[in-house]
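Worksheet: one structure, shown below.
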Amino acid sequence: MNDSPGWASPGSSPSEGAGGHTGQGGTGGQGTPEGIQPPAQPAADSKWSDAQPPPGQWSSPGAQAPAPADAAPQQQPQGGWGSYGPQPGQPGQPGQAPQYGSPYGGQYGYPGGPAGPWGPPPAAKPGVIPLRPLGLGELLDGAVSTMRTHWRSVLSVSLVVGVLIEVGNVLINKFALADLSTASATGEDPEQILRGIRDAVVPVLANGFLQLVLGILASALLTVIYSRAVIGRRITLGEAWREARPRLLPLAGLTVLLAAGAVVLFVALILPGVLMKSIGVALLGFLVSVPLFIWLWFRFLLASPALMLERAGIFTALKRSDKLVKGSWWRVFGITLLTGLITGLVSMVIAVPFTLLAVLSGVGDLSGLTDGSFAMSWSFLLISGIGSIISLTVVLPISAGITVLLYIDQRIRREALDLELARAAGLQDYGSPAGAGYGG
0 MNDSPGWASP
10 GSSPSEGAGG
20 HTGQGGTGGQ
30 GTPEGIQPPA
40 QPAADSKWSD
50 AQPPPGQWSS
60 PGAQAPAPAD
70 AAPQQQPQGG
80 WGSYGPQPGQ
90 PGQPGQAPQY
100 GSPYGGQYGY
110 PGGPAGPWGP
120 PPAAKPGVIP
130 LRPLGLGELL
140 DGAVSTMRTH
150 WRSVLSVSLV
160 VGVLIEVGNV
170 LINKFALADL
180 STASATGEDP
190 EQILRGIRDA
200 VVPVLANGFL
210 QLVLGILASA
220 LLTVIYSRAV
230 IGRRITLGEA
240 WREARPRLLP
250 LAGLTVLLAA
260 GAVVLFVALI
270 LPGVLMKSIG
280 VALLGFLVSV
290 PLFIWLWFRF
300 LLASPALMLE
310 RAGIFTALKR
320 SDKLVKGSWW
330 RVFGITLLTG
340 LITGLVSMVI
350 AVPFTLLAVL
360 SGVGDLSGLT
370 DGSFAMSWSF
380 LLISGIGSII
390 SLTVVLPISA
400 GITVLLYIDQ
410 RIRREALDLE
420 LARAAGLQDY
430 GSPAGAGYGG
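Note that the sequence shown covers residues 0 to 439 in numbering that gives the first Met the number 0.
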């Protein structure tokens, strides 16, 4: 697989020093401090010796106080990596067997081990997310944390995109659709209305093309920014542009291919009913095409980040998305749907006050309120446009970020991507016995 920006290629060898921390004995497996031998494991029926050394003269650094003479012998921890090794950050202190020796054994346990009873394991967090499988709250927190930590880059992209989109919408509504709306409201002849529709088609299509280009650009830049935020690296807008620029054409091709595929799907299922002049058959084709479109859409939802971060081709990115989503379709669907509801609510909370203010600005013209023409006035368009810009600036990074973090989460679950992310973030011994304290 090709290199991804800021990450080492999956499947490469672990970073050097995985055999153990410097100064911990160099054994590479248990990580036992030099000069300290692991305590012998007493037999089940053994008794403590009657003659014990004075307390405090032989206990290893950081060990617990010796048990009373009449206490039952305690069994030493079994299994797991680093059973007697010191925990990272506590040199010389014998550690317990880690509950989660590997990110991928069982669910969160060591290889073949059961999931822990206390929820997700502690994990390294070099950036905006912990390096382990993520929950919904962690996905949302990662998206918001990226906006807060890298606000200059993130909000610069979304603000510019929001301003350009709203400028296009205002101009279309004011000059292309205003005359058409007035002609329809005043009951002018159908020929004039058709002429107005024809005159409005070109600017509407041009505005749609502008939004498509801006959406592709925003997706590319935000994907690069989020990929760096995951490993705790800051990136300027100029650096993000240099990273994303070579992938813009493939990303545009992927977007156009998905849009064309959606059109072909609907046409192929509805057209037979149209040709047969049967409303029932056409309606049945439509009812079949909608769930099929939804299923395919979420099946290929992760193709865009795969294309950007793996340097994959268009069809390879589609296959990668299909592989990553397979078996997790309902999870990806549910998280994306819930995120859409949350961002929609946030957008409404921001936009509604501006819309009300825009309506109040046209109260003086009662005739405009009765026929709806006030919605084409400059005051209404500008005030409501400002609300839309603010809303889009906040919502766009969250939506794009959830998609990128979902892609990373699925690769962590299926391909141990957290090992590559940890190495890219500079975490030594992550995932090795000596690095058990990193959550690996």
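Yeah, the Cβ is synthetic: ideal placement off N, Cα and C, and Gly gets one too.
Which of helix, strand or coil DSSP assigns to Ser277: If you number the sequence shown from 1, residue 277 lands on position 278. Ser277: coil per DSSP, three-state reduction.
Does at least one heavy atom of the ligand ZN sit under 8 Å from the Cβ of Val203?
Ligands are entirely absent from the displayed structure, and the ligand ZN is therefore not among its contents.
* What span of residues does the alpha helix (DSSP H) with Val331 cover, start to end? -> Taking the first residue of the sequence shown as position 1, residue 331 is located at position 332. Element bounds for Val331: 328 to 359.
Note to self: Given this structure, state the Cα-to-Cα distance separating Tyr429 from Leu154, to the nearest angstrom.
What the structure shows: Walking along the sequence shown from the start, residue 429 turns up at place 430. Walking along the sequence shown from the start, residue 154 turns up at place 155. Cα-Cα distance, rounded: 33 Å.
**Request:** Measure the C-alpha to C-alpha separation of Val358 and Arg298 and round it to an integer number of angstroms.
**Result:** Here residue 358 corresponds to residue number 359 of the sequence shown, with the count starting at 1. Here residue 298 corresponds to residue number 299 of the sequence shown, with the count starting at 1. If I take the Cα positions, the gap works out to 42 Å.
For Leu295, which three-state DSSP category applies?
Working through the sequence shown from its first residue, we reach residue 295 at position 296. Three-state result, Leu295: helix.
- prompt: The alpha helix (DSSP H) spanning Met375 covers which residue range?
  reply: As a working note, residue 375 is residue 376 in the sequence shown. Run containing Met375: none; DSSP gives neither H nor E here.
Apply the 10 Å Cβ neighbour rule to Val266 and answer buried if 16 or more other Cβ atoms are within range, or exposed otherwise.
To locate residue 266, count along the sequence shown from 1; it is residue 267. Under this definition Val266 is an exposed residue.
Other residues of its chain near Leu404: CB distance less than 8 Å, five sequence neighbours each side excluded:
To locate residue 404, count along the sequence shown from 1; it is residue 405. Ile128, Leu133, Leu138, Gly141, Ala142, Tyr225, Val229.
For Val448, does the three-state DSSP call read helix, strand or coil?
-> Here the chain covers residues 0 to 439 and nothing more, so residue 448 does not appear.
Comparing alpha-carbon positions, which option in Ser346, Pro352, Leu264, Ala251 lies nearest Ala302?
Translated into the one-based positions of the sequence shown, residue 302 becomes position 303. It is Ala251 whose Cα lies nearest to the Cα of Ala302.
Query raised in the report: By the 10 Å Cβ neighbour count, where 16 or more other Cβ atoms means buried, how is Glu419 classified, buried or exposed?
Result: Taking the sequence shown and counting its residues from 1, the one referred to as residue 419 is at position 420. Burial call: buried.
Check: Taking buried to mean at least 16 other C-beta atoms within 10 Å of its own C-beta, is Glu309 buried or exposed?
Finding: Counting from one through the sequence shown, the residue named residue 309 turns up at place 310. When all chains shown are included, Glu309 counts as buried.
(message) With a threshold of 9 Å between beta-carbons, can Ser303 be considered close to chain B, or not?
(response) Considering every chain present, this structure includes no chain B. It has just one protein chain.
Which of helix, strand or coil DSSP assigns to Gln409 | Counted from its first residue, the sequence shown places residue 409 at position 410. If DSSP states are grouped into helix, strand and coil, Gln409 belongs with the helices.
- Message: Considering only their Cβ atoms, is the gap separating Asn206 from Gly167 smaller than 9 Å?
- Response: In the sequence shown, residue 167 corresponds to position 168, counting from 1. In the sequence shown, residue 206 corresponds to position 207, counting from 1. Cβ distance < 9 Å, so Gly167 and Asn206 count as in contact.
inquiry  = Quick check on the burial criterion: 16 or more other C-beta atoms within 10 angstroms. Buried or exposed for Arg319?
reply    = Along the sequence shown, read from residue 1 onward, the residue named residue 319 stands at position 320. Buried, by the Cβ-count rule.
field: Chain-order list of residues whose beta-carbon lies under 6 Å from that of Gly126 (same chain, five-residue window excluded)
entry: Translated into the one-based positions of the sequence shown, residue 126 becomes position 127. Only Ala228, Val229, Ile230, Gly231 meet the Cβ criterion.
Indicate whether Ile388 and Leu170 have their beta-carbon atoms separated by less than 9 Å. Here the question's residue 388 lines up with position 389 in the sequence shown. Here the question's residue 170 lines up with position 171 in the sequence shown. Cβ distance not < 9 Å, so Ile388 and Leu170 don't count as in contact.
Requested in this report: Kindly list the residues whose CB is nearer than 6 Å to the CB of Ser390, restricted to its own chain and excluding five residues on each side of it in sequence; keep chain order.
Outcome: Counted from its first residue, the sequence shown places residue 390 at position 391. Excluding sequence neighbours, Ser390 sits near Ser346, Ile349, Ala350.
Suppose you measure from the CA of Ala423 to the CA of Leu236; what does that come to, to the nearest Å? Here residue 423 refers to the residue found at position 424 when the sequence shown is read from its first residue. Here residue 236 refers to the residue found at position 237 when the sequence shown is read from its first residue. Their backbone Cα atoms lie some 20 Å apart in a straight line.
Residue from Ala219, Ser378, Ile382 whose Cα sits closest to the Cα of Ser396:
To locate residue 396, count along the sequence shown from 1; it is residue 397. Checking the sequence, you will find Pro at residue 396 rather than Ser. Considering only alpha carbons, the answer is Ala219.
- prompt: Which whole-angstrom value describes the C-beta separation of Thr354 and Gly386, a residue pair presumed to lie in contact below a C-beta threshold of 8 Å?
  reply: As a first step, residue 354 must be located in the sequence shown, where it is residue number 355. As a first step, residue 386 must be located in the sequence shown, where it is residue number 387. Indeed, because the Cβ distance is near 6 Å, the residues count as touching under 8 Å.
Under 8 Å Cβ to Cβ from Leu282, same chain only, skipping five residues before and after it: list those, please. Along the sequence shown, read from residue 1 onward, the residue named residue 282 stands at position 283. So the qualifying residues of the chain are Gly272.
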